[in-house]
Amino acid sequence: MTRPLEGVKCVCNTANQQGPSAFAMMADLGAEIIKLEPPGTGERGRRIYIHPEFPLNLYYETNNRGTKCLSLNFQLEKGREILYKLVKDANVFAQNLRPGVAERYGFAYEDLVKVNPSIVYLNMTTYGPDGPLAKSSGTDGAAQAAGGLASLFADEGGRMMTGRHSVADETAALVNFGAVLVGLYHQKMTGEGQKIDTSLLGGQLRLMGHSVARVAMTGNVALAGKEISGRRAHISGGAVPLISA
Numbered sequence: 000m001t002r003p004l005e006g007v008k009c010v011c012n013t014a015n016q017q018g019p020s021a022f023a024m025m026a027d028l029g030a031e032i033i034k035l036e037p038p039g040t041g042e043r044g045r046r047i048y049i050h051p052e053f054p055l056n057l058y059y060e061t062n063n064r065g066t067k068c069l070s071l072n073f074q075l076e077k078g079r080e081i082l083y084k085l086v087k088d089a090n091v092f093a094q095n096l097r098p099g100v101a102e103r104y105g106f107a108y109e110d111l112v113k114v115n116p117s118i119v120y121l122n123m124t125t126y127g128p129d130g131p132l133a134k135s136s137g138t139d140g141a142a143q144a145a146g147g148l149a150s151l152f153a154d155e156g157g158r159m160m161t162g163r164h165s166v167a168d169e170t171a172a173l174v175n176f177g178a179v180l181v182g183l184y185h186q187k188m189t190g191e192g193q194k195i196d197t198s199l200l201g202g203q204l205r206l207m208g209h210s211v212a213r214v215a216m217t218g219n220v221a222l223a224g225k226e227i228s229g230r231r232a233h234i235s236g237g238a239v240p241l242i243s244a
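Quick note on numbering: numbering that gives the first Met the number 0 labels position 22 of the sequence shown as 21, and the sequence is numbered without any gaps.
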């Protein structure tokens, strides 16, 4: 059986979960995923959750399943030449490095669109392309805090707490997966490429949903998380928990 994304080629310079998890799902559907990593060490996700008694890094293997990995040094002209050769016939290029890195090493959207005018370029950041924090890097925990989720995980009056799993990273990965599919559809229908900007914070604002809308509409910040405070499970997000933990 032919998988729906067979024939789609994605070149990625991504790390941790925000990008890799999205493209692992693309690989599940048949896309060819070529991941570029720094020589010697590989991406930083290879060094997370290493256990001396188990040879495989389960964190890296889970987030990069179905991915072909290639060491490439962008600081060398030869490395950039190889990158441009890979991008020339690719459908998608994606990166979630620190803001400014792509521009410094010649693989920003403005660079790659000259190599492949129809490229779908996914630019993943922590806080988005605009605003006072646009140039700042950040992590899953920072996005959970900035988006308000860490406040809801805390006990009333207690310190903020993040989720025990990477809520911001995985939410962003789902957003990225959908964003790339939309970009590919537009590319197929029109032959045009485009730059797509997503962020960790953007996914958190979606998770906060009606709480964000309530603050925007009423101006009352105190109402934002009251309906789901405390260590209880809520199904509907209403004022009364349907299940007590």
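Virtual Cβ for every residue (Gly too), placed ideally from N, Cα, C.
Please read all numbers here as calculations on a predicted model, not as lab measurements.
Boundaries of the beta strand (DSSP E) around residue 124: 119-124. In the structure shown, the three-state DSSP call for residue 175 is helix.
Residue 53 sits in coil when the DSSP states are folded into three classes, being neither helix nor strand. Scanning its chain for C-beta atoms nearer than 6 angstroms, with the 5 sequence neighbours on each side dropped, one finds around residue 5 the residues 29, in chain order. Within 10 angstroms of the beta-carbon of residue 15 lie 16 or more other beta-carbons, which makes it buried. Minimum Cα-Cα distance from residue 110 among the listed residues 127, 130, 125 and 87 corresponds to 87. In the DSSP annotation of this structure, residue 5 is not part of any alpha helix (DSSP H), being labelled neither H nor E.
Rounded to whole angstroms, the separation of the alpha carbons of residue 179 and residue 131 is 26 angstroms. Annotated as proximal: residue 203 and residue 167, with beta-carbon spacing under 7 angstroms. In the structure shown, residue 138 adopts coil according to DSSP, grouped into three states.
The segment 184-199 makes contact with the segment 112-120, as at least three CB pairs between them are under 8 angstroms. It is roughly 11 angstroms from the alpha-carbon of residue 175 to the alpha-carbon of residue 95.
Between the alpha carbons of residue 192 and residue 90 lies a distance of about 8 angstroms.
Around the C-beta of residue 219, fewer than 16 other C-beta atoms lie within 10 Å, and the residue is accordingly described as exposed. In this structure, DSSP gives residue 115 a state outside helix and strand, which the three-state scheme calls coil. The three-state reading of DSSP puts residue 203 in helix, counting H, G and I together. In the structure shown, residue 196 adopts extended strand secondary structure according to DSSP, grouped into three states. Per the coordinates, the alpha-carbon of residue 217 lies some 24 angstroms from the alpha-carbon of residue 154. DSSP places residue 149 within a helical segment (H, G or I) once states are collapsed to three. For residue 93, the three-state secondary structure derived from DSSP is strand. Excluding sequence positions up to five before and after residue 9, its CB lies within less than 8 angstroms of the CB of 22, 25, 30, 31, 32, 33, 89, 90, 91, 92, 93 and 179, all in the same chain and listed in chain order.
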